[in-house]
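Chemist: In the numbering used here, the protein residues as written are 380 to 1076.
(1) Looking at the structure shown, is residue 526 part of a helix, part of a strand, or coil, going by DSSP?
(2) Mind checking whether residue 726 and residue 546 have CB atoms under 7 Å apart?
(3) Note down the Cα distance separating residue 384 from residue 622, rounded to an integer number of angstroms.
(4) From this set, 429, 896 and 386, which residue's C-alpha is nearest residue 695's C-alpha?
(5) Thinking C-alpha only, which one of 1001, 884, 729 and 421 is nearest residue 432?
(6) Helix, strand or coil, according to DSSP, for residue 943 in the structure here?
(7) Where residue 550 and residue 400 are concerned, what is the direct C-alpha to C-alpha distance, given to the nearest angstrom?
(8) State the Cα-Cα distance for the pair residue 843 and residue 782, rounded to the nearest angstrom.
(9) Which residues in the same chain as residue 1046 place their Cβ atom closer than 8 Å to its Cβ, once the five residues preceding and following it in sequence are excluded?
(10) Looking only at its chain, what residues have a beta carbon closer than 8 Å to the beta carbon of residue 764, apart from the 5 residues adjacent to it on each side?
(11) Please work out which residues of its chain come closer than 7 Å, Cβ to Cβ, to residue 609, disregarding the five sequence neighbours upstream and downstream, and give them in chain order.
(12) Measure the alpha-carbon distance for residue 417 versus residue 828 and round it to whole angstroms.
(13) What's the C-alpha gap between residue 984 and residue 1020?
(14) Name the residue from 1038, 966, 934 and 731 whose alpha carbon lies nearest to the alpha carbon of residue 665.
(15) So residue 758 is in the beta strand (DSSP E); what residue range does that whole segment cover?
(16) State the Cα-Cα distance for the pair residue 580 and residue 586, rounded to the nearest angstrom.
(17) Within a Cβ cutoff of 7 Å, which residues of the same chain sit near residue 954, ignoring the five residues on either side of it in sequence?
(18) Just to confirm my understanding: we take residue 605, look at its own chain, exclude 5 residues before and 5 after, and list those with CB closer than 6 Å. What are they?
(19) Distance check for residue 936 and residue 970, CA to CA, integer angstroms please.
(20) Could you tell me the distance, in whole angstroms, from the CA atom of residue 554 to the CA atom of residue 561?
(21) Near residue 440, which residues of its chain fall below 8 Å by C-beta distance, leaving aside the five closest residues on each side in sequence?
(22) When DSSP labels each residue in this structure, what does residue 931 get in the three-state scheme?
(23) For residue 600 versus residue 629, is the C-beta distance shorter than 7 Å?
(24) Between which two residues does the beta strand (DSSP E) holding residue 655 run?
(25) Skipping 5 residues on each side, what residues in its chain have a beta carbon closer than 8 Å to that of residue 612?
(26) Residue ranges of each beta strand (DSSP E) run of no fewer than 3 residues wholly in the stretch 434-476, ordered along the chain?
(27) Would you mind reading off the limits of the alpha helix (DSSP H) that contains residue 417?
(28) When you compare only the Cα positions, how much space is there between residue 414 and residue 771?
(29) In three-state terms, what does DSSP make of residue 1111?
(30) Mark residue 992 as exposed unless 16 or more other C-beta atoms lie within 10 angstroms of its C-beta, in which case mark it buried.
(31) Considering residue 954, what are the terminal residues of the beta strand (DSSP E) in which it resides?
(32) DSSP three-state label for residue 409, please.
(33) Based on Cα-Cα distance, which residue from 957, 661, 846 and 749 lies nearest to residue 777?
(34) Grouping DSSP H, G and I as helix and E and B as strand, with all else coil, what is residue 664?
(35) Are residue 930 and residue 661 close, meaning C-beta to C-beta below 7 Å?
(36) Candidates 423, 716 and 885: which alpha carbon is nearest residue 442's?
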């Protein structure tokens, strides 16, 4: 393919990214902006024009699937098998194997799973599980933290560890010693050994840098410090580096990634230039306006998406009484859309946690929809679920007693008294606090332990559901019912026409015409464990990723009650819903999506600069008695705004309060009919508004 053909169909910013002679070059590619297309065309363009030798190009990414897609795209552009495209680990391992062979060194054994050693070191019945310890070790090695430094760094990072940091450090040190004794290396060691070899061996460094002269990295916002160290070792003093990524989609800091590496690359390497891709080719203008609003309410964003696709419906916020009703409503909406001719695979339901997927899959199957759960181990194959079911089958007690034992186990794990009455929510933690605690024992649990507890609570919920429907419940009957209701593989593998269920994390890189976001409640979105500013910022980016998966239609759901095991917890809508409501309201009123964000400063300016004249004008349109109520509503709004530290217009604008004063609604249905009052604001402020109208405030 010639150079002109490689530029066909690209917009101005994309052409600049492909043809720029800058080195290093950072391409900030927003969601749906065609980043992979730009990256592969830049590689091909530089090779075609002679600026790069394809035999000395390496394109790095993070998964084998992504590396395969990258290689396939390059082949379609005429770059057959000349370019090295792979993960950091795969490329490093290939170079190490070659070095070991050249030096006639017997290569160490590659440890594919840390659990092979950790399980043996911990022994049976250990309080810390091998998978949780492996996660902490991987985080530490990604951040280049040695065992001796782990306690200090874990505390500084406010890690929620499965045991005390000192205990984790001791196991970490024993793990490293055991590997050395057995002459084994794990995947993290491959990166460290390759980087160390380049840094200390002149011949090895010369060979590496001779081969890798042109460096390209995809998804650079996900790079961790150890990977960056290896990248810098490969680069040496040369500047031929191009990275592509989106800091707004950096969602793996909890796993060791450092999103500041992309935003501060220019400070690290003077002379770095940046190209920004903002045109979104995936989502409707309405979805793009919503996504932009998510970021605008947080820290300053490096880029703001601009829509290119045809108009679509305004994202719809739905409030449900319970999580069961939420699941059934989503299933019903998808089934109705399918009957109208839309394939099942055009729909996705995205959730924050794995445990939420079970109830949704159950409701979808009941509605006749095939289901595919992406990116996770099927529920019935989860180790703790399998262990709990095995314990039930081995127990001589009946199913009800087995479920009671499971409930006690969950209570103990949460730090509650083992003899707590499951219907008594007067204990220190309380049903209202599940998943959104401000303090308490649960706040000390590790993330992995909270995930495990959530899965067991979901098994308990399913058990209670089965018992309620079966006149003679038994463990055997429960197992059969689970296989029929939940399924044994969740359709996790394979293609076909099926509704996708995925966590926000697993949905990254995917897209669907219709997306339902479920469980948008405080404590889930954002997750209550996000207690640091960094974690809170990552939760916002994660929600942004979920929103930008929708191509045309976006549904936002939350439930007033959610069941955790045997407990029913009252819920509040996610604060993100409050933040996006002004943009949704502006679009409902006819504002163009591209102008929706601009609508807000205009309202702010009107409110701040002309409050009194506008108020006088408003009062002139009201009857005398309604004027008094309008002033009462404005005083109430001022109190709410001060308490929330936001401008008054964010609560309600004068036009909305005027309508309330004139209509004097007496119930929630009447409030919902008032322009400017949507489902989220109805839930948050409805009772107060009705109290003001009734003179009870």
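Heads up, the beta-carbon is just placed ideally off N, CA and C, and yes, glycines get one too. Predicted model, so just to flag it, every value in this text is computed and none were measured.
Modeler: Per the coordinate set shown:
(1) helix
(2) no
(3) 23 Å
(4) 896
(5) 421
(6) strand
(7) 49 Å
(8) 8 Å
(9) 1069
(10) 758, 834, 835 and 838
(11) 467, 471, 570, 573 and 574
(12) 41 Å
(13) Residue confidence for residue 984 is low, a pLDDT of 43 falling below 50, so the modelled location carries little weight and cannot support an answer.
(14) 966
(15) Per DSSP, residue 758 belongs to no beta strand (DSSP E) and is neither H nor E.
(16) 10 Å
(17) 901
(18) 521, 523 and 570
(19) 23 Å
(20) 11 Å
(21) 446, 449, 464, 465, 466, 596, 597 and 598
(22) strand
(23) yes
(24) 652-656
(25) 573, 574, 577, 578, 584 and 587
(26) 436-440 and 463-466
(27) 414-427
(28) 50 Å
(29) Missing from the structure shown is residue 1111; the chain here goes from 380 to 1076 and no further.
(30) Note that residue 992 scores a pLDDT of 45, beneath 50, so its modelled location is shaky; the value from the coordinates is reported in the next line. With fewer than 16 Cβ atoms within 10 Å of its Cβ, residue 992 is classed as exposed.
(31) Where residue 954 is concerned, there is no enclosing beta strand (DSSP E), although the alpha helix (DSSP H) it sits in stretches over 954-967.
(32) coil
(33) 846
(34) helix
(35) yes
(36) 885
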